[in-house]
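Student:
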Amino acid sequence: MTAQATRDVSTAFGTASNRRGKYFSFKRFGTPIVIAVALLTLFLWISSLSLDSIELRTLNWAYLQDRTFEHLRLTVVASAIVAAIAIPAGIALSRVHSKAVHAVVFGIANVGQSTPAIGLVILLAIVWKLGFEVALVGLVAYSVLPVLRNTLVGLEQVDSSLTEAARGMGMRPFQVLTRIELPLAIPVIVAGLRTALVFCVGVATVATFINAGGLGDMIVNGLKLQRWPVLITGAVVVSCIALTIDWLAGLAEDLLKPKGI
Amino acid sequence: MERSCSSAASLLQGDFVSEPISRPAAGARINLTNVTKTYPGQAGPAVESFSMDIAPGELIMFVGPSGCGKTTTMKMINRIIEPTSGSITIDGEDILSLNPNELRRRIGYVIQQIGLFPHMTIAENIAVVPRLLGWDKNKTQTRVEELLSVVGLDPKAYASRYPRQLSGGQQQRVGVARALAADPPVMLMDEPFGATDPITREKLQTEFLRLQEKLSKTIVFVTHDFDEAVRLGDRIAVLSERSQIEQFDTPANILASPANDYVSQFVGHGAALKRLGLIPVHQATLGPNVPVRGAIEVSINDSLRNALDSLVLSGGTPVAVVNGQGRVVGSIDIERISAALGAEIPALTRGGQTEAPLGGGVLAAGGRP
């Protein structure tokens, strides 16, 4: 399980450490430029069209703002809940050395991620209700895994000689965790959160099916009513949000990475 | 706890700042009685019925092959590993009755991997234990700067660097400084110089010996390098499987009379040469003055091993011995060196064998006091 986990996050972790020193890389400025160009192009293109009444109902600032807000709210709240569940769970798992326990927990988290989000959300809606909370549950279930896995891997990759030195100097287990292990695991944990956030932005589009709003509304409406400008606007804005969040999380990763590493 | 409080109190009175290293906490007596460690699921114990009494200020070397339990034995003293049975006392206090974290803050701990925390500066690394003990900022900072100077690193240049920016040797100095931070009476060192290159290692060993002369901590030092043990130790415990003590004596005595085949095997070839390395030239009876020939001379404070080295270069003719001022005070030759090793000169010269001469008295005196 652990070996698999290490392999799965290796890309995220690799990215984290390769960023060292590259504060002025293309990535840092390239992403915002791409986002700005995409949004500007979209705006100019939409402005050049003569929109019919159906399109005008969605392609206006108020509507766009509401959907974007709903979308971001879902994403951020879901990610916060994921962090609140998965980081402590990952820490707890790192204290348990039973392989069986690890397998069970990761099994559950894997089921959460491998079940198609749309199926889970609709199933939940049938047995429970429609709306924000249900969408939230679906999103959380979907994005727990990367954070859980990265927390565990982040803690496990802390050199055991460091924790032994810390214990040998008389740190209590909690002090070893907060002063040594967590600071050193932060880059990997944040990389996991970054993955979860980007997952959430994408998966939040299915919230539309259970009446929880979000930019999925535009995409689905655009499809159903065959209004391509609406569909494309929804899709481009979602993509730009995902890119922006990924970019911000990348900045956070660099800022939170302990100095000296 | 009591100890750390009292030492902290004396530190607060300011005498510490003016005359720091001259009044360190002296070493403590360590006693291990029938200490056994059995890991669950393993047939035999890793350490079986280990008993040892270590005098205050002694530097004890545990030598043995990998997996013999020497590290396990050492780690039971600060309870990184909990003994299964037996008792361990430090200054008469049963350590198993203490809070392990408070115990460890009173015991300096240096490991081979050094284990400097990469996300903390050198100063922060050294300040870990003082912080745990709740020292105030000024006192901690003074102590950090002082310790950096003690281990030969300029505080101004190094305090705010990160471990990654230091060489291996420098990191291990910081490791030693960190272990000394709260002036613990006991130090445990687990192959601290094992990962450094030979030149750095020798330098670190020399500095470490000088430091220990000033500090006289009680030190348990684990190594698998017998030469290091001979060089540093006041007494050496040669350990075999399950941490059984095969011989526990001064380096000179072990070299002169290994207790059994196991120890002889560990001592290896060239035991006589290793013994010569322990004896200073002034321990030998010097011959009449001879002029210095071809710049070949030996200082009276050098080891007999160096004297022998010069003799080889001189072609066997007696070599002049000079004192600190460079004045010739006598001469030395092969016979006199052999005589210093022990009485059995004929055996030595004929067979070249080190058949355990009973010159232990002289040799013990020749070893470290």
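Order-wise, the sequence lines are chains R and B.
Take any residue in the first sequence, note its place counting from 1, add 30, and you have its number in my numbering.
Take any residue in the second sequence, note its place counting from 1, add 20, and you have its number in my numbering.
Beta carbons: idealized from backbone N, C-alpha and C, even for Gly.
All figures in this text were calculated on a predicted structure; none of them were measured in a lab.
#1: Counting beta carbon pairs with one atom in the stretch 202-216 of chain R and one in the stretch 243-257 of chain R, are three or more of them shorter than 8 Å?
#2: Using a Cβ-Cβ cut-off of less than 8 Å, give me the residues of the stretch 170-192 of chain R that come near chain B, in sequence order.
#3: So is HIS289/B in contact with chain R if we call contact Cβ pairs under 7 Å?
#4: Can you give me the C-alpha to C-alpha distance between ASN145/B and ALA179/B, rounded to a whole angstrom?
#5: Using only the alpha-carbon positions, how far apart do LYS254/R and VAL260/R sit?
#6: Could you give the residue range of the beta strand (DSSP E) that holds GLY128/B?
#7: Using a beta-carbon distance cut-off of less than 7 Å, what residues from the stretch 151-179 of chain B approach chain R?
#8: Do GLY106/B and ASN54/B have their C-beta atoms closer together than 7 Å?
#9: Using a cut-off of 9 Å between C-beta atoms, extract the partners of ARG193/B located in chain C.
#10: If contact is defined by three or more beta carbon pairs under 8 Å, each pair taking one atom from either stretch, is the stretch 262-281 of chain R in contact with the stretch 184-192 of chain R?
#11: Between LEU136/B and the rest of its own chain, which residues show a CB-CB distance below 7 Å, the 5 nearest in sequence each way excluded?
#12: Considering just the uninterrupted stretch of the beta strand (DSSP E) at GLN264/B, what are its terminal residues?
#13: From this set, TRP277/R, PHE59/R, SER173/R and GLY137/R, which residue's C-alpha is nearest ILE117/R's C-alpha?
#14: Answer with yes or no whether the minimum CB distance from ALA226/R to chain B is below 7 Å.
#15: So ARG198/B is in the alpha helix (DSSP H); what residue range does that whole segment cover?
#16: Residues of chain R with CB closer than 7 Å to the CB of VAL148/B, please, in chain order.
#17: Under a Cβ-count criterion, where at least 16 other Cβ atoms within 10 Å of its own Cβ denotes burial, should PRO103/B be classed as buried or exposed?
#18: For the putative contact between LEU79/B and ARG99/B, defined by C-beta atoms under 8 Å, what is the C-beta separation to the nearest angstrom?
#19: Roughly how many whole angstroms lie between the Cα atoms of VAL310/B and SER351/B?
#20: Between which residues of its own chain and LEU285/R is the CB-CB distance below 6 Å, once the five residues before and five after are set aside?
#21: Return helix, strand or coil for GLY112/B, following the three-state DSSP convention.
#22: Among residues of its own chain, excluding the 5 on either side of VAL135/R, which ones have a beta-carbon nearer than 8 Å to its beta-carbon?
#23: Can you give, in chain order, each stretch of the alpha helix (DSSP H) that sits fully within the stretch 243-312 of chain B and has at least 4 residues?
#24: If distances are taken between C-alpha atoms only, which option among LEU152/B, THR141/B and ASP210/B comes closest to LYS176/B?
#25: To the nearest angstrom, how far is the alpha carbon of GLN62/B from that of SER128/R?
#26: Is GLY137/R buried or exposed, if buried means 16 or more other CB atoms sit within 10 Å of its CB?
Tutor: Once the coordinates are examined:
#1: no
#2: ASP189, SER191 and LEU192
#3: Taking the first residue of the second sequence as position 1, residue 289/B is located at position 269. Chain R contact via Cβ: absent.
#4: Within the second sequence, the letter at position 125 stands for residue 145/B. Within the second sequence, the letter at position 159 stands for residue 179/B. If you take the alpha carbons of ASN145/B and ALA179/B, they lie about 9 Å apart.
#5: The residue labelled residue 254/R in the question sits at position 224 within the first sequence. The residue labelled residue 260/R in the question sits at position 230 within the first sequence. If you take the alpha carbons of LYS254/R and VAL260/R, they lie about 11 Å apart.
#6: Counting from 1 along the second sequence, the entry for residue 128/B is found at position 108. Taken as a continuous stretch (DSSP letters only), the beta strand (DSSP E) holding GLY128/B covers 127-131.
#7: LEU152
#8: The residue given as residue 106/B occupies position 86 in the second sequence. The residue given as residue 54/B occupies position 34 in the second sequence. Yes, they are a contact pair.
#9: The structure shown contains no chain C; its protein chains are R and B.
#10: no
#11: Within the second sequence, numbered from 1, the residue matching residue 136/B stands at position 116. Contacts found: ASN145, PRO183, GLN191, VAL194 and GLY195.
#12: Here residue 264/B is taken as the residue at index 244 of the second sequence, counted from 1. Per DSSP, GLN264/B belongs to the beta strand (DSSP E) from 264-269.
#13: Residue 117/R sits at position 87 when you count from the first residue of the first sequence. Residue SER173/R is the option with its Cα nearest to ILE117/R.
#14: For the purposes of this step, residue 226/R is identified with residue 196 of the first sequence, where counting begins at 1. ALA226/R does not count as touching chain B.
#15: Here residue 198/B refers to the residue found at position 178 of the second sequence. Note, ARG198/B: alpha helix (DSSP H), 188-200.
#16: As a working mapping, residue 148/B is identified with position 128 in the second sequence. What VAL148/B touches in chain R: MET199.
#17: Looking up residue 103/B in the second sequence gives position 83. Buried, because 16 or more other Cβ atoms sit within 10 Å of the Cβ of PRO103/B.
#18: Walking along the second sequence from the start, residue 79/B turns up at place 59. Walking along the second sequence from the start, residue 99/B turns up at place 79. The Cβ separation is near 22 Å, so there is no contact.
#19: Translated into the one-based positions of the second sequence, residue 310/B becomes position 290. Translated into the one-based positions of the second sequence, residue 351/B becomes position 331. About 6 Å.
#20: For this step, residue 285/R is matched to residue 255 along the first sequence. Excluding residues within five positions, none has a Cβ falling inside 6 Å.
#21: For the purposes of this step, residue 112/B is identified with residue 92 of the second sequence, where counting begins at 1. GLY112/B: coil per DSSP, three-state reduction.
#22: Here residue 135/R refers to the residue found at position 105 of the first sequence. ALA119, LEU123 and LEU178, listed in sequence order.
#23: 246-252, 271-276, 281-287 and 291-298
#24: Position 156 of the second sequence, counted from the first residue, corresponds to residue 176/B. Comparing Cα-Cα distances from LYS176/B to each of LEU152/B, THR141/B and ASP210/B, the minimum goes to THR141/B.
#25: The residue you call residue 62/B lines up with position 42 of the second sequence. The residue you call residue 128/R lines up with position 98 of the first sequence. Cα-Cα distance, rounded: 19 Å.
#26: Counting from 1 along the first sequence, the entry for residue 137/R is found at position 107. Label assigned to GLY137/R: exposed.
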